[in-house]
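FYI, the numbering for the sequence shown is 14 to 479, going by my numbering.
Quick reminder that beta carbons are idealized off the backbone N, C-alpha and C, glycines included.
Nothing here was measured: the structure is a model prediction, and the numbers come from that model.
Heads up, the thing below is written out as structure tokens.
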Amino acid sequence: MGNHKKIAISLLLFFSLGIMGGCSNNVANQPEGSDLLQPQDAAGIGLYGEIRQKLPDFVITPEIKEWDQPLPFYENGKLGFKDKQGKIVLEPIYASHHGYRNGVNNIAYDDEAGNRTWQVYDIYGKPYPYDTVYGFHYGISFVQKDGKSGLINTAGQEIVPVEYDKLLLAYIQDAASETEQPSAYAQKDSRSPWVLLDLQDGYQSYYEPYDENKKAGYAGTLDLTEHSIAIINNMIMVDGISLTTGKDFPLCALDGLSCQIYQDGKAVGSAPIKLDQGFYEGEVMALFPDYFGESYADENNEFVAIPQLLLSQSQPSIAKGQGSDYQQAVEDYLTEKQIENTPVKIASCYIADFSGQNKKSALLEVVDTMRFQEPLPPEIESWDADDFTAKKVAFVSTILFIPDLTKPNEYQVVLENIQQSDRFIRETIRNSLYAAFDLDRDGSLEMIVDNLYYEYRDYQLIDLSK
């Protein structure tokens, strides 16, 4: 799934949009007088103020350890629970259970008529007053009651009130500390702004267009023009990274932002972003219901959307090239990697001033032909193990950059994925050239690369001018 979406996508679909940056003539495709592709240069446009509000009841309590959870026992055919000291926590009157996990258990009681009722219990044998309790992770659990969502701590206290129509909770890796940190976005109702929940210090933030008169009340500011932002098939990319939880960037600031939408290499219209739940728990996605309707885009309806206030005044031109003109560079690359017998093809070749140095360059997607099989072999490719040692073959998915077309044999490796094993490794199946835009507005093109994995896809940005 999606943008981590499940792949029912043909590998040959990788360039359904063409290279979308090749739209220097897109203005001609707009209605007369249209300014859809023009940057908005009003003073302060893209500047937002952060309004931060303390969560008054926010208290983090100790985590529940696995050995603190009650254990089941049976008496006269009925189920009960004891703590680790042997003290009865729940009398043996119950019929079934799902097992304690992360501090909660769903336990069933049968009345005299045989009617079964399920109830969620804590480790002390106390029923929770909620319809759903997900279980605790780092001392926090998601709960729901009557369609509203919130968060509780291990003491059962509501640290985020159960009043939100939507609450997206995720746990993300903190590279610095090598630990997970909770991240959450919430929306009370369709008329309310999305808020970012800080689950470490206990506050919520939302962002509004900057108002000089409210300057003293802002906890901080966010200038969108200092970032490159693109939405690719509902996934939000900020500064070259696909964000699904928004740890390092407040995605809630993008809700309602007007975007230009591109399909098949053409600017086709504009629509505002609507943030919503993605395919996975806690995932944030950008939808465009005013343009596509309420459903997610799929492989037959792919797009790139750029915030209008971040659009460049002009896009460098781009064209398809003849891959055969650069075959020697590919052969030199394979020789350098000591890959001798792998059938390889140049899947795509594009020519543009990628580096912004006023000279034409080429970008090549080099792929072994095994990756064009449909369907992909699920476990073991057709080459046997000896091929990888004796015949020096490999699964190749590489993007090469030729900076100067007057020197077609001189190349740089931009992105490389080589697998030299007879097992089908569930890493990147293929890195494909997907689209090109001047996302940082410096006059050069940045390449959006489609990373196709075994069960999902995401995107990354490559700036060849750096």
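Do you know how far the Cα of residue j is from the Cα of residue i?
i: Y231; j: D455; result: 30 Å
i: L458; j: L428; result: 16 Å
i: E468; j: K404; result: 30 Å
i: I461; j: D303; result: 25 Å
i: S325; j: T238; result: 11 Å
i: I58; j: D252; result: 19 Å
i: Y220; j: Q273; result: 22 Å
i: L347; j: V380; result: 11 Å
i: W173; j: T145; result: It is worth fixing the name first, because residue 173 is Val in this sequence and not Trp. C-alpha separation (whole angstroms): 15 Å.
i: D400; j: R443; result: 21 Å
i: I245; j: Q194; result: 26 Å
i: Q66; j: I242; result: 27 Å
i: Y87; j: P105; result: 6 Å
i: G215; j: I165; result: 12 Å
i: N39; j: F155; result: Bear in mind that a pLDDT of 31 at N39, under 50, signals an unreliable position, so the number given afterwards is only what the model happens to contain. C-alpha separation (whole angstroms): 46 Å.
i: L418; j: G336; result: 12 Å
i: N89; j: H150; result: 35 Å
i: Y424; j: E344; result: 11 Å
i: N314; j: L446; result: 18 Å
i: L452; j: L323; result: 7 Å
i: I254; j: Y472; result: 7 Å
i: P263; j: Q340; result: 44 Å
i: S361; j: M250; result: 23 Å
i: T130; j: Q82; result: 22 Å
i: G163; j: D211; result: 13 Å
i: L474; j: K358; result: 23 Å
i: N119; j: K91; result: 16 Å
i: G116; j: F408; result: 45 Å
i: A21; j: A229; result: Annotation note: pLDDT 28 at A21 (below 50); position unreliable, no value reported.
i: P85; j: K161; result: 32 Å
i: K18; j: N247; result: Note on K18: pLDDT 33, under 50, position unreliable in the model; the coordinate value appears next. So the alpha carbons of these two residues sit roughly 10 Å apart.
i: S410; j: V72; result: 49 Å
i: F7; j: K350; result: Shown here, the chain extends from 14 to 479; a query on residue 7 therefore has no answer.
i: Q209; j: A449; result: One detail in the question is off: residue 209 reads as Leu in this sequence, not Gln. About 31 Å.
i: Q51; j: S271; result: With a pLDDT of only 31 at Q51, under 50, the local geometry of the prediction cannot be trusted, and no value is derived from it.
i: P206; j: R114; result: 34 Å
Pop quiz: residue i and residue j are said to be a contact at Cβ under 8 Å. What is the actual Cβ separation, rounded to whole angstroms?
i: D268; j: L288; result: 5 Å
i: A501; j: A108; result: No information on residue 501 is available, as it lies outside the stretch 14 to 479 that the chain covers here.
i: I412; j: L465; result: Contact flag wrong, Cβ pair sits at about 13 Å.
i: I331; j: A375; result: Not confirmed; about 11 Å, so no contact.
i: R470; j: D476; result: Incorrect: roughly 21 Å between the Cβ atoms, too far for contact.
Locate the alpha helix (DSSP H) running through residue i, then write down its first and last residues.
i: Q340; result: Q340 to E349
i: D9; result: Coverage of the chain is limited to positions 14 through 479, which leaves residue 9 absent and any answer about it impossible.
Taking the DSSP output, what are the residues bridged to residue i?
i: E459; result: F450 and D476
i: Q321; result: According to DSSP, which records beta bridges pairwise, Q321 is partnered with nothing at all.
i: D178; result: Answer by DSSP bridge pairing: none, since D178 is not bridged.
i: Y122; result: T130
i: P222; result: Y61
i: Y469; result: Answer is none; Y469 lacks a bridge partner.
i: I101; result: K95
i: E171; result: I165
i: Y198; result: L181 and L209
i: L464; result: Looking at the sequence shown, residue 464 is not Leu but Asn. According to DSSP, N464 bridges with N444 and D471.
i: G215; result: BP columns for G215 are empty, so no partner.
The beta strand (DSSP E) that contains residue i, what's its start and end?
i: L376; result: S374 to D381
i: D236; result: G233 to D236
i: G230; result: Note, G230: premise wrong, no beta strand (DSSP E); not H, not E.
i: L209; result: V208 to D211
i: C272; result: S271 to Q276
i: R114; result: Here R114 belongs to no beta strand (DSSP E), and DSSP marks it neither H nor E.
i: C265; result: First-last for C265: undefined, no H or E at that position.
i: N89; result: No beta strand (DSSP E) holds N89; DSSP gives it neither H nor E.
i: R65; result: L60 to K67
i: K358; result: V357 to A365
i: V427; result: Q425 to Q432
i: S156; result: The sequence given here has Val at residue 156, not Ser. That run of the beta strand (DSSP E) goes I153 to K158.
i: K287; result: K287 to Q290
i: N166; result: K161 to N166
i: F414; result: F408 to I415
i: K333; result: I331 to K333
i: E353; result: Looking at the DSSP string, E353 is not in any beta strand (DSSP E), and its letter there is neither H nor E.
i: S255; result: I254 to L256
i: V251; result: M248 to V251
i: I442; result: No beta strand (DSSP E) contains I442, which DSSP labels as neither H nor E.
i: I245; result: I242 to I245
For a cutoff of 8 Å on Cβ pairs, would you count residue i as touching chain C?
i: G116; result: You won't find chain C in this structure, because it holds only one protein chain.
(request) Mind the definition here: the region 61 to 74 touches the region 131 to 148 only if three or more C-beta pairs lie below 8 Å; say whether that holds. (result) no
(message) Three Cβ pairs or more, each shorter than 8 Å: is that satisfied between the region 65 to 79 and the region 87 to 101?
(response) no
(request) Pair every Cβ in the region 279 to 299 with every Cβ in the region 174 to 185, then say whether three or more of these pairs are closer than 8 Å. (result) yes
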